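J.:
Residue numbers (the working numbering), protein chains in the order written: chain S, 3 to 392; chain A, 3 to 392.
1) Does the beta carbon of residue 246 of chain A come closer than 8 angstroms to any beta carbon on chain S?
2) Provide the residue span of the beta strand (DSSP E) that contains residue 39 of chain S, from first to last.
3) Given a limit of 7 angstroms on CB to CB distance, which residues of the region 9-24 of chain A reach chain S?
4) Between residue 173 of chain A and residue 354 of chain S, what straight-line distance do the alpha-carbon atoms span, to the nearest angstrom?
5) In the region 215-227 of chain S, which residues sit with their C-beta less than 7 angstroms from some C-beta in chain A, listed in chain order?
6) Specify, as a first and last residue, the run of the alpha helix (DSSP H) that residue 381 of chain A falls within.
7) Could you tell me the boundaries of the alpha helix (DSSP H) in which residue 188 of chain S lies?
8) Would residue 129 of chain A be called buried (16 or more neighbouring beta carbons within 10 Å of its own) or exposed?
9) Ignore the nearest five residues each way along the sequence and tell me which others in residue 101 of chain S's own chain have a CB closer than 7 angstroms to its CB.
10) Which residue from A/59, A/123 and A/292 puts its Cα closest to that of residue 108 of chain A?
11) May I ask you to list the residues that DSSP assigns as paired with residue 136 of chain S?
12) 8 angstroms is my cut-off, CB to CB: does residue 347 of chain S come that close to chain A?
13) DSSP three-state call for residue 376 of chain A: helix, strand or coil?
14) Please identify the residue among S/277, S/215 and S/286 whose C-alpha is closest to the C-alpha of residue 261 of chain S.
15) With a threshold of 8 angstroms between beta-carbons, can residue 249 of chain A be considered close to chain S, or not?
16) Residue range of the alpha helix (DSSP H) that residue 272 of chain S falls in?
17) So, at 7 angstroms on beta carbons, what are the nonlocal neighbours of residue 18 of chain A in its own chain, with the 5 sequence-adjacent residues on each side left out?
18) Our contact map puts residue 232 of chain S next to residue 286 of chain S with C-beta atoms below 8 angstroms; I'd like the distance itself, whole angstroms only.
19) Verify the CB distance criterion: does residue 76 of chain S have a CB-CB separation below 8 angstroms to chain A?
20) For residue 342 of chain A versus residue 235 of chain A, is the C-beta spacing smaller than 8 angstroms?
21) Give me the chain A residues within the contact set of residue 3 of chain S, using Cβ-Cβ distance strictly less than 9 angstroms, ordered along the chain.
22) Residue 153 of chain S by DSSP, collapsed to three states: which one?
23) How many whole angstroms separate the CB atoms of residue 266 of chain S and residue 375 of chain S, which I take to be in contact at a CB cut-off of 8 angstroms?
24) Closer than 8 angstroms, CB to CB, is residue 212 of chain A near chain S or not?
25) Give me the subset of the region 99-126 of chain A whose CB atoms are less than 7 angstroms from a CB atom of chain S, sorted by chain position.
26) At a Cβ cut of 8 angstroms, what residues of the region 149-162 of chain S count as close to chain A, listed as they run along the chain?
27) Quick one: which chain A residues come within Cβ less than 7 angstroms of residue 258 of chain S?
28) Does residue 6 of chain A get closer than 8 angstroms to chain S when you measure Cβ to Cβ?
29) Report yes if the C-beta distance between residue 87 of chain S and residue 37 of chain S is below 8 angstroms; otherwise report no.
30) Nearest chain A C-beta to residue 229 of chain S closer than 8 angstroms, yes or no?
31) Within the same chain, show all residues whose beta-carbon is closer than 7 angstroms to that of residue 277 of chain A, passing over the 5 residues directly before and after it, in chain order.
32) Give the DSSP bridge partners of residue 66 of chain A, in chain order.
33) When the distance is taken between beta carbons, is residue 140 of chain S closer than 8 angstroms to residue 176 of chain S?
34) Looking at the structure shown, is residue 178 of chain A part of a helix, part of a strand, or coil, going by DSSP?
35) Alpha carbon to alpha carbon, what distance is there between residue 126 of chain S and residue 132 of chain S?
36) Taking the alpha-carbon of residue 167 of chain A as reference, which of A/137, A/152 and A/158 has the nearest alpha-carbon?
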């Protein structure tokens, strides 16, 4: 097990009607004037935004509104939010929505007390030393940003997508009401399921030894998600299943499952290029990429993938041929993804083989030109994985 | 799944040499003058206390010392600590040791800003609304207090043992260096293992439906502990195993595994009477009580105990007779406890059958005279369980 630091200060209010606690929680965590940040019309139409406003009013907390956060949230709205907060003396950012509104809110909160350009933090040119407090009311289960220390923003200049990780990104509170996710359509729901499973798998596939405890926590969370998935596809208004998925999505990415182990994140970075080029949902892209990544890197440590197959997918161990077991596990992962309507190939998402060199070139890599940790991949490796996806 | 609130603001610094971070972390969490609180001579003899002092000095943080915390930490030392903090203008309590030093430190931190008697919080006569910040350097893995919201204190008047749970009890930081637990003897180590497993089982045995996610997290943590136990008994200086147990002990009781489910705590409360009367270690008492509690309540929900047997203890499910499977699980739990040197009967701990009426009478119960949640036990039930332990 590796040494680690873990800091998860977020207060979670989980359950029915918890959105009405927004005002009370803003007050508890020191907010006196709020930026109410959200995306498009769904939180308005559903009446959720009005409920949140009412709870702020009930606590006597003034607020200013900033809507318009879009998927892959844009820098121009972040700049606008920072400006508004400074002008109005706002000290708390409350985001209502999914990953986009929350990440946009996190970036605004980082930028307000900073003299320079907030984008510095996303380029790694500066490290945050302060930030406004922020919280959220979650409506879409997928990214795990409601508990994570990260935020991802797309800069309008050149449409460059970058993430920043810092303890200041941890929400002071997150309001998690599973009922607010009833209206997610099957595609959004399935993308969220693939995304949260990928967050766990990026942690699970490691070369760090002696990680039995977190291995088993990861396996348990994955099994619970796999069990819940067909139920939610069958009945989108099943509270218990929505609750299981909502909490699973949070712990998948709030740090609990990755402590003490090297994480990978190769598949995520490869997938970003599919999202960027074809505007495909992140979860859908991961459904295509991750099984092929597994097949490509499998020989590095076949037993880890055999363990994944046996413990997560209930495959029987083939003691004569562990690789057969490992491959059976990937097949089950793909069959699962397909069963919830997720794509498996380039054709399924309208990606084109001729774009592979471009996407390979664009895939983020470190100073040594490498990507991922389980296997340190070269551009040649990345290209090979893209080709397997065709 | 039940609604829940979860707040785990503790910053964990886990790994080798982390004790040297104490000063830095006190500063990060706003401490400017420290009460350095500890128990007996072992932290002095090992040189740990000197290392912690040095790290405070390095950060220019003045401190006052208060040693003498004993198992079942006493109120008189808490009063002394509160007095000292007030007199010296101390704003941070840093405890170095096991559960006793840490719980004593928590009680001091609660008492300093409170006008009344700190014991009010432990009698339920008042609710904390403030508290000094506090942190710890952990040397004994068992109670989970390094991440929990609770503290247990014994009042010198009448030797009454009571707990208080509040968010103010959550440490600002916990320093967890597995190497500091190398010197725990086999008995202390085994007691800690039983205690942390009991913390998980008190959460696992529930009537709350649709808790698959936390079920599987509990099962995973238990399996990791069961796997680690024989290794640590064999080699007390095996870093990886000590690390697994240290982190397992923390998550067993920091709230992660109990969210959304009713917890039981009947066995804990029954055991407290064994500890009180015979000064037996809490873990040893639990080793006697909990298997018998399981047998006594089993018929309420045989399938839950069959699940425990199959998923935690690898028993084969007997589909014709699930109770046989459930009983096999308890037998395995008892065999496990015995294998690490833990007692199974009154005789093993020197308890006397003739004391059963007294202990039954003294066992804490609620206003309705009942105890526990999985089964709401009467005094008659409690007496029956004590008799099964003989």
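From the three backbone atoms N, C-alpha and C, an ideal C-beta is built for every residue, glycine too.
Please read all numbers here as calculations on a predicted model, not as lab measurements.
T.: For this structure:
1) Interface criterion met: the Cβ of residue 246 of chain A is under 8 angstroms from a Cβ in chain S.
2) Residues 36-40.
3) Those residues of the region 9-24 of chain A that come within reach of chain S (Cβ to Cβ, closer than 7 angstroms) are 9, 10, 11, 13, 14, 15, 16, 17 and 18.
4) Counting only the Cα atoms, residue 354 of chain S lies some 53 angstroms from residue 173 of chain A.
5) Those would be 215, 218, 219, 221, 222, 223, 225 and 226, in chain order.
6) Note, residue 381 of chain A: alpha helix (DSSP H), 381-391.
7) Start and end: 188-206.
8) Counting Cβ neighbours within 10 Å, residue 129 of chain A comes out exposed, since fewer than 16 surround it.
9) Only 142, 144, 145 and 147 meet the Cβ criterion.
10) Taking only the C-alpha atoms, the option nearest residue 108 of chain A is A/123.
11) Under DSSP, residue 136 of chain S takes part in a beta bridge, and its partners are S/95.
12) It does not: the Cβ of residue 347 of chain S has no partner Cβ on chain A nearer than 8 angstroms.
13) In the structure shown, residue 376 of chain A sits in coil (DSSP, three-state: anything other than H, G, I, E or B).
14) Nearest of S/277, S/215 and S/286 to residue 261 of chain S, Cα basis: S/215.
15) So, interface residue.
16) That run of the alpha helix (DSSP H) goes 268-280.
17) 179 and 181.
18) Actually they do not touch by this definition, with Cβ atoms about 18 angstroms apart.
19) With its beta carbon at least 8 angstroms from every one in chain A, residue 76 of chain S lies outside the interface.
20) The answer is yes: Cβ separation under 8 angstroms.
21) Neighbours of residue 3 of chain S on chain A, chain order: 16, 17, 180, 241, 242, 245, 246 and 249.
22) Correct three-state label for residue 153 of chain S: strand.
23) 5 angstroms between Cβ atoms; contact.
24) Any Cβ of chain S closer than 8 angstroms to the Cβ of residue 212 of chain A would place that residue at the interface, and such an atom is present.
25) Residues of the region 99-126 of chain A that bring their beta carbon within less than 7 angstroms of a beta carbon in chain S are absent altogether.
26) Here the close residues number zero.
27) Counting only Cβ-Cβ distances below 7 angstroms, residue 258 of chain S has contacts in chain A at 258, in chain order.
28) It does: the Cβ of residue 6 of chain A has a partner Cβ on chain S nearer than 8 angstroms.
29) Yes, these two residues count as a Cβ contact at 8 angstroms.
30) Yes, its Cβ sits closer than 8 angstroms to a Cβ of chain A.
31) Non-local C-beta neighbours of residue 277 of chain A in its own chain, meaning closer than 7 angstroms and more than five positions away in sequence, comprise 284 and 287, ordered along the chain.
32) Residue 66 of chain A pairs with A/37.
33) Contact: yes.
34) It is a strand residue.
35) Separation of residue 132 of chain S and residue 126 of chain S (C-alpha to C-alpha, rounded to the nearest whole angstrom) is 16 angstroms.
36) The shortest C-alpha separation from residue 167 of chain A is found at A/152.
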